[in-house]
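In my numbering, the protein residues as written are 1 to 497. Data first, discussion second: the structure below is written as structure tokens.
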RNA sequence: GAGGACGUAGGCAAAUCGGUGAAGCCGUCAGCCCUUCAAGUUGAAGAUUGCGGGUUCGAAUCCCGUCGUCCUCGCCA
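Structure (structure tokens):
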């Protein structure tokens, strides 16, 4: 039997970083064992599910390159099956009708209600005290026939326990006495989560359920449903949660866009890099290696390498440089500057296009220049965005000047106001405008002026690129070319700023 | 409140089911590269393995307790 796993998000928001990691692990597991990776959208909560969320999740998965096998399953399409299963259990006497009127609880207070109710009922509440649990079939049928609304609850045995061997967390056991007769079908006929999941996993022939640890204790309920249905449970593997700094819960509401996959795509992250980072959050191959291609991850991945302790996704909302986990930023920078240039180029092209800096000559007459330039400037870049922001001066005459660069490298040396245009004049007579010749010209100029090489070079960098940091100036002069170098050296605009 | 899980440096984490001075990566700091730098390179600091007991010749690894964090407990998913 070929292994089949599924990623089953509910479309109530964008693709969350934790969900993305769950999807990745499912994908890696499936590919590692030669199985299928399926996608199921759990859209049974009509009030909160949106098509936009579904689209956003699909986009996120596509960006990460996690392509699913087979058709997407929309859970809401299977509601009839779920209902049939519930009524089937009712028929067999494994479930019963609960005619208790539905209470209306506000969603926001639910967690508090649970705690309060549990506190109040402490010690005296039995999970088997529902008055309708043992109603005779005749009475139950009669009330239903009379039109009384009812929910269907699973009838859980008085004594015994469920147990399963989780691939990550090991043996899990739970007494029946701790589990309430769970509702399978709402009084309006709407199937509930646990039933829907089990039915769909059965129908999709899922062999391994890999999901977040938040589902761990609820797994017992699902096992109870499998047992009632007379079907063997799949293997379970629960993943440790991803937490916010301080070990706090990472939530969309509190932490906002930092948890959304689209944020990283839009911030100029390479999917391969982010995927690599995500893979290392809660899993390790147990070796001294950090950079993995998708193929390598697939080859090395195993459930045994998954940790039990939650991982903290580190970031500092008040620090622009550390707006997200710095290992993620480092990982992306590592990819930007070391991946094969051919693979990087399309991403750079897209970035320059969106910034309106792209010119078709970059793939034609200026192909060599373009590739050399990208290769030069990528050394100090972190994201794709840097190519259009920090790298703007290489592709346009219209670029900004960094204030600290100007103050530190230009205005601190007022002589540069006349020296740099003078240097430009010298450049006019440099025939072969390349590394060595430029070095000689600047060297000679520096000597004449009795100043340091660095003063000239740093001033030129500020003037030519608008920045205080960047590649070697000899390379910058060369890549910008004689004409532009001269033009910018002569420019006086920054001196008037 | 009840059940459960987890706890190795600021973060990610390794350590063949107890055995040499507790890997590696990110971040931090410093030297070098003296043309910058958030790049490269070299190096440093940072951990009595949450804390307290116990078992043992020997414990991050086993046991007990304690504290902390998180998860679950809904006619949500």
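Where is the CB? At the ideal position from N, CA and C, for every residue including glycine.
Enumerate in chain order the residues of its own chain whose CB-to-CB distance from residue i is below 8 angstroms, with the five nearest sequence positions on each side excluded.
{"i": "residue 478", "result": "433, 434, 435, 438"}
{"i": "residue 320", "result": "none"}
{"i": "residue 40", "result": "6, 7, 8, 72, 73, 74, 75, 200, 204"}
{"i": "residue 283", "result": "25, 301, 305, 306, 307"}
{"i": "residue 94", "result": "154, 155, 228"}
{"i": "residue 299", "result": "32"}
{"i": "residue 475", "result": "376, 435"}
{"i": "residue 43", "result": "10, 11, 49, 54, 74, 75, 76"}
{"i": "residue 357", "result": "388, 392, 395, 396"}
Let me know if residue i comes out buried or exposed under the rule of 16 or more other beta-carbons within 10 Å of its beta-carbon.
{"i": "residue 448", "result": "exposed"}
{"i": "residue 265", "result": "buried"}
{"i": "residue 260", "result": "buried"}
{"i": "residue 231", "result": "exposed"}
{"i": "residue 404", "result": "exposed"}
{"i": "residue 247", "result": "exposed"}
{"i": "residue 390", "result": "buried"}
{"i": "residue 409", "result": "buried"}
{"i": "residue 140", "result": "buried"}
{"i": "residue 185", "result": "buried"}
{"i": "residue 19", "result": "buried"}
{"i": "residue 254", "result": "exposed"}
{"i": "residue 470", "result": "buried"}
{"i": "residue 338", "result": "exposed"}
{"i": "residue 418", "result": "exposed"}
{"i": "residue 2", "result": "exposed"}
{"i": "residue 450", "result": "exposed"}
{"i": "residue 84", "result": "exposed"}
{"i": "residue 288", "result": "exposed"}
{"i": "residue 268", "result": "buried"}
{"i": "residue 341", "result": "exposed"}
In chain order, what residues of the same chain have a beta carbon less than 7 angstroms from the beta carbon of residue i, not counting five sequence neighbours either side?
{"i": "residue 187", "result": "102, 149, 150, 151"}
{"i": "residue 420", "result": "459, 460, 463, 489"}
{"i": "residue 335", "result": "270, 272, 273"}
{"i": "residue 182", "result": "153, 154, 194, 221"}
{"i": "residue 62", "result": "none"}
{"i": "residue 327", "result": "277"}
{"i": "residue 233", "result": "164, 223, 226"}
{"i": "residue 286", "result": "305"}
{"i": "residue 400", "result": "466"}
{"i": "residue 69", "result": "36, 37, 38"}
{"i": "residue 473", "result": "457, 460, 461"}
{"i": "residue 325", "result": "313, 314, 315"}
List the DSSP bridge partners of residue i.
{"i": "residue 165", "result": "171"}
{"i": "residue 4", "result": "36"}
{"i": "residue 291", "result": "BP columns for residue 291 are empty, so no partner."}
{"i": "residue 152", "result": "97, 185"}
{"i": "residue 280", "result": "The partner list for residue 280 (beta bridge, DSSP) is empty, contrary to what the question assumes."}
{"i": "residue 212", "result": "239"}
{"i": "residue 191", "result": "185"}
{"i": "residue 74", "result": "41"}
{"i": "residue 249", "result": "243"}
{"i": "residue 260", "result": "16"}
Quick one: does the C-beta of residue i sit closer than 6 angstroms to a heavy atom of the ligand MN?
{"i": "residue 37", "result": "Ligands in the displayed structure: none, and consequently the ligand MN is not present."}
Take residue i and list the residues in its own chain whose beta-carbon comes closer than 6 angstroms to its own, dropping the five residues that flank it on each side.
{"i": "residue 4", "result": "35, 36, 205, 206, 207"}
{"i": "residue 348", "result": "374, 387"}
{"i": "residue 237", "result": "167, 168, 210, 303"}
{"i": "residue 66", "result": "23, 27"}
{"i": "residue 90", "result": "152"}
{"i": "residue 263", "result": "257"}
(message) Report the start-end ranges of each alpha helix (DSSP H) in the segment 380–414 that is 4 residues or longer and not cut off at the edges.
(response) You should have 385–388, 403–406.
(message) With a threshold of 8 angstroms, are at least 3 pairs of Cβ atoms found where one atom belongs to the segment 330–347 and the other to the segment 263–277?
(response) The segment 330–347 makes contact with the segment 263–277; the number of CB pairs closer than 8 angstroms reaches 3 or more.
(message) Pairs of beta-carbons, one from the segment 213–228 and one from the segment 164–181, closer than 8 angstroms: are there three or more?
(response) The segment 213–228 makes contact with the segment 164–181, as at least three CB pairs between them are under 8 angstroms.
(request) Would you be able to state if there are at least three C-beta pairs under 8 angstroms between the segment 128–142 and the segment 87–98? (result) Touching, yes.
(message) Going residue by residue through the segment 285–357, where are the continuous alpha helix (DSSP H) segments of at least 4 residues, counting only ones entirely within it?
(response) You should have 294–300, 326–338, 341–354.
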